[in-house]
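Here the structure comes first, spelled out in C-alpha cells, and everything after it is commentary.
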Amino acid sequence: MTANRVEFGAMAKKNSAKGQDGGLTAEVLIVGGGLAGLTQAIALAGAGIETLVVDRADPALLQAAAHDGRSSAIARGSSQMLAVLGIWERMAAQAQPIMDIRVSDGRVGRAAAPLFLHFAQENLDAETAGPLGYIVENRVMREALHARAAEIPALELLAPASIAELRRDPGAAVARLEDGRELRTQLVIAADGRNSQLRAAAGIETTKWDYPQCGIVATLHHDKPHHAMAFEHFLPAGPFAVLPMTDTHEGQHRSSLVWTEKRELVPAMMALSDDAFSAELMRRFAPSLGDLRAVGGRWSYPLSLLFAERIVDHRLALVGDAAHGIHPISGQGLNLGLRDAAALAEILVEARRLGLDLGGAEVLAGYPRWRRFDNLALIAVTDSLNRLFSNDIGPIRLARDLGLAAVNQVPPLKRLFMRHAMGLVGDLPKLVRGEAL
Ligand SMILES: Cc1cc2nc3c(=O)[nH]c(=O)nc-3n(C[C@H](O)[C@H](O)[C@H](O)COP(=O)(O)OP(=O)(O)OC[C@H]3O[C@@H](n4cnc5c(N)ncnc54)[C@H](O)[C@@H]3O)c2cc1C
-19 MTANRVEFGA MAKKNSAKGQ DGGLTAEVLI VGGGLAGLTQ AIALAGAGIE TLVVDRADPA
41 LLQAAAHDGR SSAIARGSSQ MLAVLGIWER MAAQAQPIMD IRVSDGRVGR AAAPLFLHFA
101 QENLDAETAG PLGYIVENRV MREALHARAA EIPALELLAP ASIAELRRDP GAAVARLEDG
161 RELRTQLVIA ADGRNSQLRA AAGIETTKWD YPQCGIVATL HHDKPHHAMA FEHFLPAGPF
221 AVLPMTDTHE GQHRSSLVWT EKRELVPAMM ALSDDAFSAE LMRRFAPSLG DLRAVGGRWS
281 YPLSLLFAER IVDHRLALVG DAAHGIHPIS GQGLNLGLRD AAALAEILVE ARRLGLDLGG
341 AEVLAGYPRW RRFDNLALIA VTDSLNRLFS NDIGPIRLAR DLGLAAVNQV PPLKRLFMRH
401 AMGLVGDLPK LVRGEAL
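At position 261 of the sequence shown the residue is numbered 241 (this note's numbering), and the sequence of numbers has no breaks.
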C-alpha cells in the first residue's frame, strides 16, 4: 500500500502474499467504486462472493468535501437495502427524513401558483407509514460505504488503479491492471459511470441526448427550520428543489439546493458573489425558510439522458449510471442504480448457491429481464416530467397546475405516486424489501 493507494481486504493480503506472478483472483470484478459500484460490492462480498473493485480515483479525493457537493434523495426502498447491508447505520445520524413534499409551479420573482400538490407521510397507509425518503450528503454516503467495505473479508478495493486491458474469453474474463498484475474472474461489472469505458469497449451503443439545462448544486443555510419538508418548485428553466438536510451540530438549519437552469445562464450564475447568488435564490423561492444563503461552494452538472441499448454482454453486466443516466428532476438516478445492484446481487448469490458460472449467459439473462421495466419507466417519466414542467407556455402551465391540484384531491392516486417515489412498487429485489440475501 502506498500513501495514496488503498488496498484493503483479505484478498489483497492473500494476493500480495502470493507474490509469484502477482496474479489476482476474484469471482467478480467491479470497475468503478462509486456509490453504485461499492454498494454492489458490499452486497456480493457480504454474501461471500470474492469481489475485487477497481477505481481509478484516489479514495481520499473522492471523499473530500470539494469533490461532490451533491446530496441525494434516498428512497425508502434504498434505505432498507443499505440497512440490510450494514451501511445505513453508518450514515443514519446524518440522514434527514423527508416527511412532506410540496410540488408547486411558479415564475422568477413571483409568488408560487395557488394550485399545488402536497405529499404528506400521513397520506400513507399503515403498511408504509414513515418517512417518504431521506436526504444524505453524497460525501457522507461515500464514507459509510468505504468504512463498511473495509470490514468485509471477501471484498478488495484497489484505488487508484485502472484496467489496461480486458479480455472476455469463453471460460473467464482476464483483466490486466496498469501496474501489470492480472486478474482472472467469472464476471466483470461495469459501474464506471455515464462515460463508461467498459460499455464503449464492449461496443454497447447508447441513446443519449443533452438537456439544455445544468443542475446547480449548493448547501443552503436558512433562518427558519424546514420541518422535514422538501420543496420542488417548477420554474420556466426547470425544477428548483430545496431539500431538507440535518441541522449542523451548532443548530444551523440546512437544505440542499438543486437548481435547474438554462445552460447559457449557468456560467454567470456560478460567477456571482455569494450575496448576489443568495439574492437570486430569494427571487426564485418564497421565503418560507427565511433568508437563504449558499455556503461551502457551488457545483454545476450538465444534464443529459443516456441509456445503454443492453445491460449485459459476454461476462459483462452494467449497473448504475453506466447503464442509465437520468434527469435529477425526481431524485431517482442513484436509487435506480441501487435497485440494479440489488437485483444483480440476488441473481448472482442464487447462481453461486447452485454452483453456476457467475458470468454464464443463462445466469446473466435474468438481469435485463428483471430491470427492464423499472429502468425504462423512470427514463420515460423523468424525461416527460422535465418537458412538461420546463417551459412557460400558458396552456401547458394551466394544464399542469390543474393536474397537480387534481392529483392532490385524489388520495389513492397520491398514495400510488408516493409509493413509486419511495421505491416500493414493482418486482422488488429482496434487499430493497429489507430482506437479507
Ligand atoms: C445534480 C444532480 C442531482 C442528483 N440527485 C440525485 C438524488 O437526489 N437522488 C438520486 O437517486 N440520484 C441523484 N442523482 C443521480 C446520482 O448522482 C447518480 O445516479 C449516481 O451518482 C451514479 O452513481 P454511479 O456509482 O453509478 O456512478 P458514478 O458516481 O459516476 O461513479 C463512477 C465511479 O467509477 C470510477 N471510474 C470511472 N471510470 C473508471 C475507469 N475507467 N476505471 C476505474 N474506475 C472508473 C469513478 O472514479 C467513480 O468512482 C443526481 C445527479 C445530479 C447530476
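Cβ atoms here follow ideal geometry from the backbone N, Cα and C, with glycine treated the same way.
Between residue i and residue j, what straight-line distance do the alpha-carbon atoms span, to the nearest angstrom?
i           : j           : result
residue 307 : residue 174 : 12 Å
residue 7   : residue 344 : 14 Å
residue 25  : residue 334 : 17 Å
residue 142 : residue 292 : 21 Å
residue 253 : residue 42  : 27 Å
residue 100 : residue 303 : 32 Å
residue 410 : residue 260 : 45 Å
residue 127 : residue 61  : 17 Å
residue 412 : residue 53  : 15 Å
residue -1  : residue 33  : A caution first: residue -1 carries a pLDDT of 36, below 50, which makes its placement in the model unreliable, though a value can still be read off. Whole-angstrom Cα-Cα distance: 20 Å.
residue 321 : residue 158 : 27 Å
residue 280 : residue 202 : 21 Å
residue 66  : residue 371 : 43 Å
residue 122 : residue 28  : 22 Å
Since residue i and residue j should fall inside the 8 Å C-beta cutoff, what is the C-beta to C-beta distance between them, to a whole number of angstroms?
i           : j           : result
residue 82  : residue 249 : Actually they do not touch by this definition, with Cβ atoms about 24 Å apart.
residue 240 : residue 217 : 6 Å
residue 336 : residue 297 : Residue 336 to residue 297, Cβ: 14 Å. No contact.
residue 129 : residue 137 : 6 Å
residue 11  : residue 172 : 5 Å
residue 9   : residue 168 : 5 Å
residue 57  : residue 358 : No, residue 57 and residue 358 are not in contact; Cβ-Cβ is about 13 Å, not under 8 Å.
residue 4   : residue 163 : 4 Å
residue 273 : residue 258 : 5 Å
residue 417 : residue 329 : 5 Å
residue 146 : residue 181 : 7 Å
residue 50  : residue 103 : In fact, because the Cβ distance is near 28 Å, the residues do not count as touching under 8 Å.
residue 277 : residue 353 : Not really, about 38 Å apart at Cβ, beyond 8 Å.
residue 339 : residue 177 : Going by Cβ atoms, the distance from residue 339 to residue 177 rounds to 19 Å, so no, they are not a contact pair.
Let me check you understand the geometry: is the CB of residue i closer than 7 Å to at least one non-hydrogen atom of ligand 1?
i           : result
residue 52  : yes
residue 314 : yes
residue 375 : no
residue 404 : no
residue 42  : yes
residue 347 : no
residue 114 : no
residue 15  : yes
residue 276 : no
residue 142 : yes
residue 38  : no
residue 301 : yes
residue 34  : yes
residue 12  : yes
residue 234 : no
Hey, is residue i close to ligand 2, as in C-beta under 7 Å from one of its heavy atoms?
i           : result
residue 192 : Ligand 2 is absent from the structure shown, which contains only ligand 1.
Would you give the residue range spanned by the alpha helix (DSSP H) that residue i belongs to?
i           : result
residue 19  : 15 to 26
residue 398 : 391 to 401
residue 362 : 341 to 369
residue 378 : 374 to 388
residue 257 : 254 to 264
residue 179 : 177 to 181
residue 42  : 39 to 43
residue 412 : Premise fails: residue 412 is in no alpha helix (DSSP H) and is neither H nor E.
residue 246 : 246 to 251
Locate the beta strand (DSSP E) running through residue i, then write down its first and last residues.
i           : result
residue 163 : 162 to 165
residue 68  : Here residue 68 belongs to no beta strand (DSSP E), and DSSP marks it neither H nor E.
residue 113 : 113 to 117
residue 283 : 272 to 288
residue 96  : 96 to 100
residue 420 : This structure leaves residue 420 out entirely; the chain is present only between -19 and 417.
residue 80  : 80 to 85
residue 136 : 135 to 139
residue 224 : 218 to 225
residue 198 : 186 to 202
residue 53  : 51 to 55
residue 11  : 8 to 11
residue 238 : 233 to 242
residue 210 : 209 to 215
residue 144 : 143 to 148
residue 157 : 153 to 157
I'd like to know whether the C-beta of residue i is nearer than 8 Å to at least one C-beta of chain C.
i           : result
residue 301 : Structure shown: chain C not included; a single protein chain is present.
task = May I ask you to verify whether the region 14 to 31 touches the region 303 to 318, counting CB pairs closer than 8 Å and requiring at least 3?
result = The region 14 to 31 makes contact with the region 303 to 318, as at least three CB pairs between them are under 8 Å.
ask   = Touching or not, the region 37 to 46 and the region 150 to 158, by the rule of three or more beta carbon pairs under 8 Å?
value = A contact is defined here as three or more CB-CB pairs under 8 Å, and the region 37 to 46 fails this definition with respect to the region 150 to 158.
key: the region 213 to 230 / the region 398 to 406 touching (three or more Cβ pairs under 8 Å)   = Flag = no, the region 213 to 230 and the region 398 to 406 do not touch.
Any 3 or more C-beta pairs closer than 8 Å across the region 198 to 205 and the region 226 to 246 = Yes, the region 198 to 205 touches the region 226 to 246.
query = So, do the region 99 to 113 and the region 66 to 81 have three or more beta carbon pairs nearer to each other than 8 Å?
reply = Cβ pair count under 8 Å is three or more, so yes.
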